[in-house]
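From first to last, the protein sequence lines stand for chains A and B. Its first residue numbered 27, the first sequence is counted upward by one per residue in the numbering used here. Its first residue numbered 8, the second sequence is counted upward by one per residue in the numbering used here. Have a look at the structure below before the remarks.
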Amino acid sequence: VPHGPMPGYREPACDDPETEQAALVAVDYINKRLLRGYKHTLNQIDSIRVWPRQPTGEVYEVEIDTLETTCHVRDPTPLANCSVRQMKEHAVEGDCDFHVLKQDGQLSVLSAKCDSSPDSAEDVHRVCPNCPLLAPLNDSRVVHAVEVALAASNAQSNGSYLQLVEISRAQFAPLQAAAVYVEFAVAATDCVAKDVTDPATCNLLAEKQYGFCRGTFIEKVGGGEDVTVTCTLFPTQPVILQPQPEAPTPVAEADALGLEPVVQPEPEPLE
Amino acid sequence: KGVLPGIPAAGGPGPVIRPCPGRIRYFKI
């Protein structure tokens with residue numbers, strides 16, 4: 027029997043079904059609210075505490091590690107079908123803390139706090155000495171590579187003119203002198219790609235249609251540029267308004283749990 | 008026989024399985 031007063035919480039095992047269920051609801055929550063980048067998947071549950079909540083229910087205080095997948099957040103592919111970014115591709119890890127309310131058998135996220143960080147260059151080169159590393163997204167060579175790749179995609183397209191939404195990922199290929207590998211998100215506009223003279227006259231479609239492009243840009247030694255690019259357009263996604271969980275008043279909630287009253291922000295879209 | 012959590016009793020069952028952190032589903036970075 028532990029010394030001192032019994033804590034107000036219980037600690038199931040991190041691999042218990044109830045713990046994993048709360049963690050999976052939390053991961054689904056962040057993937058629905060990420061504004062940019064890639065979907066994340068559950069990698070490990072670090073810790074769990076379950077607090078009783080007055081008058082009913084329980085609050086799961088759970089800390090998890092996630093790993094980035096290769097699916098962009100706008101990609102409707104189910105998370106289960108998204109590959110985890112491998113270490114040799116320069117993996118990215120997430121570290122998240124959640125409060126998940128369980129009431130009447132339903133789980134809903136009360137608060138979420140996440141940070142993500144790429145693996146270290148040493149770790150990447152330990153598994154693959156010549157693998158490319160992540161490059162800064164605002165590097166001028168990256169921005170130029172994306173502009174050339176998007177222009178090439180629009181030039182060969184019979185469909186809508188695609189507009190850049192975000193540069194999602196970039197790597198400098200270490201062996202080829204000036205090769206840049208880029209991934210970026212796009213959105214369809216109301217212009218036909220081959221007729222566009224002034225892109226500023228094109229507007230995003232009312233019912234947004236996003237897409238995702240992967241390209242390789244090479245600056246040839248004797249001058250000139252080469253680019254290969256493939257873009258995939260996603261089906262238009264009906265806007266589903268997220269039912270906001272009944273967010274309890276944080277202070278009252280904290281008192282009920284005997285926690286420090288930490289004012290949790292409304293569940294905002296996660297950047 | 009009462010033992011402190013996390014300390015296997017002498018001659019008792021095998022090592023105590025720590026409840027957390029849980030299993031790693033892919034790899035750690």
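Positions of the beta carbon are idealized from the N, C-alpha and C atoms, including for glycine. Just so you know, these numbers come straight off a predicted model, no measurement behind them.
For residue i, would you say it is in contact with chain B, using Cβ-to-Cβ distances shorter than 8 Å as the test?
i, result
"Leu159(A)", "no"
"Ile355(A)", "Because chain A spans 27 through 297 in this model, residue 355(A) falls outside it and cannot be assessed."
"Glu37(A)", "yes"
"Ala117(A)", "yes"
"Ile56(A)", "no"
"Leu93(A)", "yes"
"Asp41(A)", "yes"
"Val253(A)", "no"
"Leu105(A)", "no"
"Val126(A)", "no"
"Val110(A)", "yes"
Does DSSP put residue i in a helix, in a strand, or in coil?
i, result
"Asp91(A)", "strand"
"Glu37(A)", "coil"
"Leu137(A)", "Before going on, a small fix: residue 137(A) reads as Ser here, not Leu. Residue state, collapsed to three classes: strand."
"Pro78(A)", "strand"
"Glu286(A)", "Residue confidence for Glu286(A) is low, a pLDDT of 32 falling below 50, so the modelled location carries little weight and cannot support an answer."
"Glu251(A)", "strand"
"Leu259(A)", "strand"
"Thr215(A)", "strand"
"Arg240(A)", "strand"
"Ala117(A)", "coil"
"Asp221(A)", "helix"
"Thr96(A)", "strand"
"Asp72(A)", "strand"
"Glu192(A)", "strand"
"Ala106(A)", "helix"
"Pro276(A)", "Because Pro276(A) carries a pLDDT of 39, less than 50, the predicted location of this residue cannot be relied on, and the following value inherits that uncertainty. The answer is helix: DSSP assigns Pro276(A) an H, G or I state."
"Lys234(A)", "coil"
"Glu292(A)", "Annotation note: pLDDT 42 at Glu292(A) (below 50); position unreliable, no value reported."
"Pro26(B)", "coil"
"Gln112(A)", "coil"
If you count every other CB in all the chains shown that lies within 10 Å of the CB of residue i, and 16 or more means buried, which is it?
i, result
"Pro158(A)", "buried"
"Arg25(B)", "exposed"
"Thr258(A)", "exposed"
"Arg152(A)", "exposed"
"Leu136(A)", "buried"
"Thr215(A)", "buried"
"Pro179(A)", "A small fix is needed here, since residue 179(A) is Ser in this sequence, not Pro. Result: buried."
"Lys65(A)", "buried"
For the ligand SAH, any of its heavy atoms closer than 7 Å to the Cβ of residue i?
i, result
"Ala181(A)", "Absent from the structure shown: the ligand SAH. Ligands present: none."
Q | Interface positions of the region 133-154 of chain A facing chain B (Cβ-Cβ less than 7 Å), listed along the chain | A | Asp145, Asp149
Q: Below 7 Å between beta carbons is the criterion; list the residues of the region 62-91 of chain A that meet it against any residue of chain B, in chain order.
A: Correct list: Leu68, Asn69, Gln70, Ile71, Asp72, Ser73, Ile74.
Q: Kindly provide the ranges of any alpha helix (DSSP H) runs that are 4 or more residues long and lie completely inside the region 151-210 of chain A, ordered along the chain.
A: Restricting attention to alpha helix (DSSP H) runs no shorter than 4 residues, the region 151-210 of chain A encloses them at 166-181, ordered along the chain.
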